[in-house]
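Engineer: In UniProt numbering, the protein residues as written are 1 to 741.
Beta carbons: idealized from backbone N, C-alpha and C, even for Gly.
Below you will find the structure I want to go over with you.
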């Protein structure tokens with residue numbers, strides 16, 4: 001529930017949507033309707049939609065709504081069962097329109113009378129939310145306000161249950177309810193004393209004065225203030241606003257257990273910290289935060305060694321967190337005097353390696369932005385941020401500072417650059433400037449691997465419906481063993497039928513491919529031939545051979561074998577079958593003698609996509625000695641080919657959806673600068689940059705291919721046609737613009 005509320009922390013406008021008969025949106029599978037049957041005087045009936053009252057109904061319905069929001073990647077709405085909250089800092093009408101369109105697509109009906117639109121304050125989950133603040137719901141508070149003092153244990157339990165819902169709003173909650181807890185113990189007579197009445201009144205008063213908490217902001221550092229007494233431990237989670245004023249996010253306290261009351265004061269204070277981190281784990285884990293305690297002995301806890309017993313166990317638990325412990329007398333928020341702690345000179349000891357302090361002083365005097373809104377200490381202009389004093393960097397030194405930090409510390413990323421610079425330095429828009437600087441670093445762009453999705457949606461070779469409309473050729477090497485002098489396997493596949501021909505050879509030159517294709521052409525000359533850009537396929541002799549047969553030659557993009565995906569997949573299948581055959585016999589049979597049987601087995605096996613054996617789709621019949629029998633398929637071959645074609649289309653559509661989910665659409669314009677991802681064999685050239693460039697885009701050749709001014713070492717041409725998935729935008733350092741604020 002807290003995680004849902006925290007999503008609303010930055011929102012200013014809210015709308016609440018309520019589903020009409022929510023459970024009835026979920027259909028019941030026909031096989032399961034009998035499980036929901038009920039009997040009446042008029043007969044037996046079965047539910048066709050999810051009914052109210054089924055034990056698992058809430059979980060099923062809640063999961064359905066969340067899946068729909070996740071499916072459309074909605075980050076401006078959340079749900080709690082049938083209540084959907086749309087929240088925005090701006091563009092609220094656009095967000096509502098998107099939600100309504102989703103409801104229409106998913107056939108979700110809303111109940112208009114229960115919907116509320118475009119409110120700055122809204123009730124949700126028993127709370128009222130308004131611009132980053134949360135308070136108890138008025139209706140619930142009024143109910144608690146009218147409660148009379150309990151006269152027995154059951155009434156007391158009901159009161160404490162209603163109050164406990166809002167315990168995070170009540171400071172020192174466990175202390176206030178301590179007298180009431182004593183009445184809940186076994187074998188204790190219910191005796192309502194003045195102390196109990198005072199506790200009852202204070203709890204009601206605290207809630208009825210409408211306490212307000214801030215919602216958690218993940219972008220702001222958390223501060224945990226802890227305290228302990230002989231009866232209870234407590235904590236408050238706070239975050240500062242832009243003016244460094246701390247606002248509570250949540251309160252927590254609990255009564256000590258009997259054995260805990262025997263702890264020493266240091267152990268109690270440490271227990272308060274451990275207990276607070278357990279309670280606020282959701283907010284603190286994975287974030288850097290500050291713990292404030294009024295017990296000076298705990299400041300050493302993080303660094304001390306040779307701890308024993310429970311302190312050792314607690315320190316082990318605390319090691320999961322990234323925190324700093326600060327001592328503040330009386331757990332107050334008194335700010336120390338700036339000069340007494342010498343904050344500027346302390347920071348300068350660490351900063352001197354990046355910028356010269358005298359240069360900073362000189363440039364600050366010449367910079368109009370270093371004005372009166374900042375402090376001046378020892379002739380250095382500084383700003384106070386969360387109790388730390390940072391040097392204000394003038395515009396003239398920004399780039400120098402960024403270059404120094406980036407080069408001296410091994411070209412770190414944005415977050416590490418922020419961690420290096422922000423503890424000592426400040427200027428407006430520092431985060432955006434560091435982000436832009438790292439993005440425009442040419443060394444980083446050429447040497448760091450991708451973190452974003454690749455460019456280019458899937459552009460598939462159109463499926464074919466008739467044999468020899470298109471065939472592909474490819475070669476697999478590395479067969480120079482097992483009593484054979486032939487080390488290449490050449491594979492030809494027909495796109496429509498998936499029929500395969502395989503040929504072993506000693507080399508892979510133009511003459512070899514021409515002889516192979518002549519054997520194929522004796523069966524039928526294809527309309528199109530798809531190959532990679534091997535030198536044998538781009539030679540003048542091979543091109544002339546295809547022209548003589550009037551065959552259209554299609555070439556894949558360089559270093560992008562996915563274009564010829566059909567034959568690449570067949571390569572894997574045949575090699576695996578060969579490997580199993582060769583290694584299943586005690587005597588090593590030459591792989592070339594096994595190739596024919598492996599190829600025949602492949603062609604007689606129903607394909608996973610077409611559901612027909614490739615040999616049947618190509619020849620219209622199966623051999624008499626086929627293991628699956630000649631009469632297994634009763635459709636005429638033309639009908640079978642049409643079904644295979646339709647199944648191939650369906651597979652292409654599903655494959656495109658899967659592929660496109662991992663890529664993004666992108667268009668380059670002539671003149672754009674890009675870097676090219678080079679091909680390197682695994683575990684080689686560890687120190688070679690993964691990208692080369694920058695190169696200029698000459699023109700767009702297709703939806704996913706571009707011509708760039710990258711020299712081709714094979715053809716000696718000044719340009720290359722490359723696939724967009726191999727490209728990444730290059731941000732020229734010359735175009736870096738830092739903010740002038």
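If you run the structure through DSSP and keep just helix, strand and coil, what is residue 199?
Structural biologist: In this structure, residue 199 counts as helix in the three-state DSSP scheme.
Engineer: For residue 718, is the classification buried or exposed, using 16 other Cβ atoms within 10 angstroms of its Cβ as the cut-off for buried?
Structural biologist: It is exposed - the Cβ of residue 718 has fewer than 16 other Cβ atoms within 10 Å.
Engineer: Should residue 391 go down as buried or exposed, given a rule of 16 or more other Cβ atoms within 10 Å for buried?
Structural biologist: Burial call: buried.
Engineer: Measuring straight from C-alpha to C-alpha, what distance separates residue 218 and residue 247?
Structural biologist: Taking the straight line joining both Cα atoms gives about 14 Å.
Engineer: Return the bridge partner residues of residue 376 from the DSSP annotation.
Structural biologist: Paired residues: 381.
Engineer: Starting from the Cα of residue 730, find the closest Cα among 440, 428, 421, 56 and give me that residue.
Structural biologist: Of 440, 428, 421, 56, the residue nearest in Cα terms is 440.
Engineer: With DSSP as the reference, identify every bridge partner of residue 326, one or two as the case may be.
Structural biologist: According to DSSP, residue 326 bridges with 292.
Engineer: Would you check if the segment 507–524 and the segment 656–671 touch, i.e. whether three or more CB-CB distances between them fall below 8 Å?
Structural biologist: Verdict: no, contact absent.
Engineer: When you compare each of 420, 415, 395 to residue 404 by their alpha carbons, which one comes out closest?
Structural biologist: Among 420, 415, 395, the Cα nearest to that of residue 404 belongs to 420.
Engineer: Three-state secondary structure (DSSP) at residue 83?
Structural biologist: Residue 83: strand per DSSP, three-state reduction.
Engineer: DSSP three-state label for residue 718, please.
Structural biologist: In this structure, residue 718 counts as coil in the three-state DSSP scheme.
Engineer: Can you give me the Cβ contacts of residue 321 inside the same chain, cut-off strictly under 8 Å, excluding the 5 residues immediately before and after it?
Structural biologist: Same-chain partners within the cutoff: 277, 284, 285, 289.
Engineer: With a cut-off of 8 Å, do at least 3 Cβ pairs link the segment 61–79 to the segment 27–44?
Structural biologist: With the cut-off at 8 Å, the segment 61–79 and the segment 27–44 do not touch.
Engineer: Would you call residue 462 buried or exposed, if buried means 16 or more other Cβ atoms sit within 10 Å of its Cβ?
Structural biologist: By the neighbour-count rule (16 or more Cβ atoms within 10 Å), residue 462 is not buried but exposed.
Engineer: Quick one: which unbroken alpha helix (DSSP H) runs of 4-plus residues sit fully inside the segment 87–156? Chain order, please.
Structural biologist: As far as the segment 87–156 is concerned, its whole alpha helix (DSSP H) runs of at least 4 residues are 92–105, 138–145.
Engineer: Should the segment 72–89 be regarded as contacting the segment 11–30, the criterion being three or more beta carbon pairs within less than 8 Å?
Structural biologist: With a cut-off of 8 Å, the segment 11–30 and the segment 72–89 count as touching, because enough Cβ pairs lie within range.
Engineer: Select from 393, 368, 384 the residue whose C-alpha is nearest the C-alpha of residue 359.
Structural biologist: The option with the nearest alpha carbon to residue 359 is 393.
Engineer: Name the residue from 479, 443, 375, 594 whose alpha carbon lies nearest to the alpha carbon of residue 689.
Structural biologist: Checked all of 479, 443, 375, 594; the closest Cα to residue 689 is 443.
Engineer: Got a sec? Which residues, its chain only, sit under 7 Å from residue 664 by beta carbon, not counting five neighbours each side?
Structural biologist: Answer for residue 664: 453, 455, listed in chain order.
Engineer: State yes or no: is the C-beta of residue 763 within less than 8 Å of the C-beta of residue 476?
Structural biologist: Look at the range of the chain in this structure, 1 to 741, and you will see that residue 763 is not part of it.
Engineer: Would you mind working out which of 678, 654, 594 sits nearest residue 450, comparing C-alpha positions?
Structural biologist: With distances taken between Cα atoms, residue 450 lies closest to 678.
Engineer: How about the segment 50–59 and the segment 152–168: do they share at least three Cβ pairs that are nearer than 8 Å?
Structural biologist: Flag = no, the segment 50–59 and the segment 152–168 do not touch.
Engineer: Rounded to whole angstroms, what is the Cα-Cα separation between residue 223 and residue 273?
Structural biologist: C-alpha separation (whole angstroms): 12 Å.
Engineer: Just to confirm my understanding: we take residue 61, look at its own chain, exclude 5 residues before and 5 after, and list those with CB closer than 8 Å. What are they?
Structural biologist: Cβ within range, chain order: 22, 23, 25, 26, 50, 81, 82.
Engineer: Would the beta-carbon of residue 745 fall within 8 Å of that of residue 233?
Structural biologist: In the structure displayed, the chain extends from 1 to 741; residue 745 sits before or after that span and is not available.
Engineer: Tell me where the alpha helix (DSSP H) around residue 267 begins and ends.
Structural biologist: Per DSSP, residue 267 belongs to the alpha helix (DSSP H) from 265–279.
Engineer: Please report the residue range of the alpha helix (DSSP H) in which residue 820 lies.
Structural biologist: A query on residue 820 cannot be resolved here, the shown segment of the chain reaching from 1 to 741 and no further.
Engineer: Taking residue 314 as part of the alpha helix (DSSP H), name the residues at either end of that continuous run.
Structural biologist: Where residue 314 is concerned, the enclosing alpha helix (DSSP H) stretches over 309–318.
Engineer: Nearest CA to the CA of residue 149: which residue from 195, 115, 119, 188?
Structural biologist: With distances taken between Cα atoms, residue 149 lies closest to 195.
Engineer: Just verifying my parser: in three-state terms, what is the DSSP assignment at residue 5?
Structural biologist: Looking at residue 5 - three-state DSSP - the assignment turns out to be helix.
Engineer: Less than 8 Å between the beta carbons of residue 770 and residue 602, yes or no?
Structural biologist: Because the chain is modelled from 1 through 741, residue 770 falls outside the range shown and cannot be assessed.
Engineer: Residues in its own chain within less than 7 Å of residue 52 by CB, not counting five upstream and five downstream?
Structural biologist: Correct list, in chain order: 23.
Engineer: Let me check understanding here. Comparing Cα to Cα, which of 377, 381, 356, 215 lies closest to residue 367?
Structural biologist: Out of 377, 381, 356, 215, 381 has the C-alpha closest to the C-alpha of residue 367.
Engineer: From the DSSP secondary-structure annotation, give me the bridge partner or partners of residue 252.
Structural biologist: Note: residue 252 sits in a beta bridge opposite 235.
Engineer: At what residue ranges does the segment 569–594 contain a whole run of the beta strand (DSSP E), taking only runs of 3 or more?
Structural biologist: Listed in chain order, there is nothing to give.
Engineer: Taking just the CA atoms, how far does residue 437 sit from residue 447?
Structural biologist: Their backbone Cα atoms lie some 16 Å apart in a straight line.
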